[in-house]
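These notes concern the structure reproduced below.
In this note's numbering, the protein residues as written are 473 to 816.
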């Protein structure tokens, strides 16, 4: 019996152990997740001397908050959508308040200078206009700049910094010199497999989901392709030396998350749907859009489990209530690590 039981035990162990392992990309930088965990779990941050000292240092910078997805494109879709419940629930996810308002409140409370790329009119109608608006935001800012960018906002910032770096004008180099670094939240620097699925076979998606994707991409295949795994891989390789030069000039920190396959830890069904699609076809854990381990090439990075692309987590209660991650503690933990790295 013992002989027959051994293979069964081994198979059972392998099944459960592999089911617990995350399947992530392999970032090339330093993993600082343990440091983040220690800081994030600290209580009463705002009463510590460490916190006060950090806020004093932060007042020497202007924070530029850059959101990700094209807000007005999503709103345009919702206005023509019959499913009002889905429209209201999904729109809340992409509102500026949903991702950045907590940071703005935090900065106001602590007298930190900041600017945001506000949502208004139809300024997100095309990518060129968005890049122009971010560039104008940089040029209108005096002194040192730190970016805090979510999702696609991180890719936009990367494009602008590469432009400044490779430009041959003193004016562009002066703008680049103002940028001291960035904190990237779930940015698809290595691409999103969801774009690959969309380009491969649009019929794969149900009509409501396809409508959302087409609205975001404006039915523009080039826009969709720019987030594919192959495109981003080639982009990073082509700009490898330039990215290394930026790493030498600035300090970057990437925050990546994932929700394991089988978990229902999503407030929004759209992300659960896309999480499953990405995992089923590419065997990559992800946050609902971006693969686990996506990070600025060569930057320090953090990888956290059970946090979706909207940065929601499951509260450890009997009812299993979903709640947003504490973004104030998140920012403090990230900026603390950023400053420590900046002393190198």
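Note that beta-carbon positions come from the ideal geometry of N, C-alpha and C, so glycine has one too.
For residue i, does the count of other Cβ atoms within 10 angstroms reach 16, so buried, or fall short, so exposed?
{"i": "residue 642", "result": "exposed"}
{"i": "residue 534", "result": "buried"}
{"i": "residue 809", "result": "buried"}
{"i": "residue 822", "result": "As shown, the chain starts at 473 and ends at 816. That puts residue 822 outside it, with no answer to give."}
{"i": "residue 712", "result": "exposed"}
{"i": "residue 647", "result": "buried"}
{"i": "residue 613", "result": "buried"}
{"i": "residue 500", "result": "exposed"}
{"i": "residue 696", "result": "buried"}
{"i": "residue 545", "result": "Low local confidence applies: a pLDDT of 38 at residue 545 is under 50, so the model's placement there is unreliable, and no value is given."}
{"i": "residue 765", "result": "buried"}
Cβ atoms of residue j and residue i: under 7 Å apart, would you say?
{"i": "residue 632", "j": "residue 607", "result": "yes"}
{"i": "residue 538", "j": "residue 497", "result": "no"}
{"i": "residue 582", "j": "residue 510", "result": "no"}
{"i": "residue 495", "j": "residue 755", "result": "yes"}
{"i": "residue 769", "j": "residue 715", "result": "yes"}
{"i": "residue 797", "j": "residue 729", "result": "no"}
{"i": "residue 726", "j": "residue 698", "result": "no"}
{"i": "residue 584", "j": "residue 620", "result": "no"}
{"i": "residue 576", "j": "residue 617", "result": "no"}
Assuming residue i and residue j form a contact by the criterion Cβ under 8 Å, report the distance between their Cβ atoms to the nearest whole angstrom.
{"i": "residue 666", "j": "residue 749", "result": "7 Å"}
{"i": "residue 724", "j": "residue 782", "result": "Not really, about 23 Å apart at Cβ, beyond 8 Å."}
{"i": "residue 653", "j": "residue 814", "result": "7 Å"}
{"i": "residue 757", "j": "residue 732", "result": "6 Å"}
{"i": "residue 587", "j": "residue 530", "result": "Going by Cβ atoms, the distance from residue 587 to residue 530 rounds to 14 Å, so no, they are not a contact pair."}
Can you tell me which of the options puts its alpha carbon nearest to the alpha carbon of residue i?
{"i": "residue 603", "options": "769, 626, 774 and 661", "result": "626"}
{"i": "residue 801", "options": "651, 512 and 505", "result": "512"}
{"i": "residue 701", "options": "761, 586 and 584", "result": "761"}
{"i": "residue 520", "options": "804, 752, 619 and 814", "result": "804"}
{"i": "residue 775", "options": "751, 659, 705 and 704", "result": "659"}
{"i": "residue 706", "options": "661, 577, 576 and 735", "result": "661"}
{"i": "residue 806", "options": "508, 500 and 499", "result": "508"}
{"i": "residue 624", "options": "719, 669, 540 and 657", "result": "540"}
{"i": "residue 637", "options": "720, 745 and 506", "result": "720"}
{"i": "residue 717", "options": "523, 635, 746 and 773", "result": "635"}
{"i": "residue 579", "options": "811, 812 and 799", "result": "799"}
{"i": "residue 504", "options": "811, 777, 812 and 773", "result": "773"}
{"i": "residue 734", "options": "710, 722 and 759", "result": "759"}
{"i": "residue 745", "options": "601, 669 and 640", "result": "669"}
{"i": "residue 532", "options": "610, 514, 615 and 600", "result": "615"}
{"i": "residue 722", "options": "811, 522, 640 and 609", "result": "811"}
Looking at the strands, I want to know which residues DSSP matches up with residue i.
{"i": "residue 763", "result": "758"}
{"i": "residue 586", "result": "535"}
{"i": "residue 616", "result": "533"}
{"i": "residue 653", "result": "618 and 723"}
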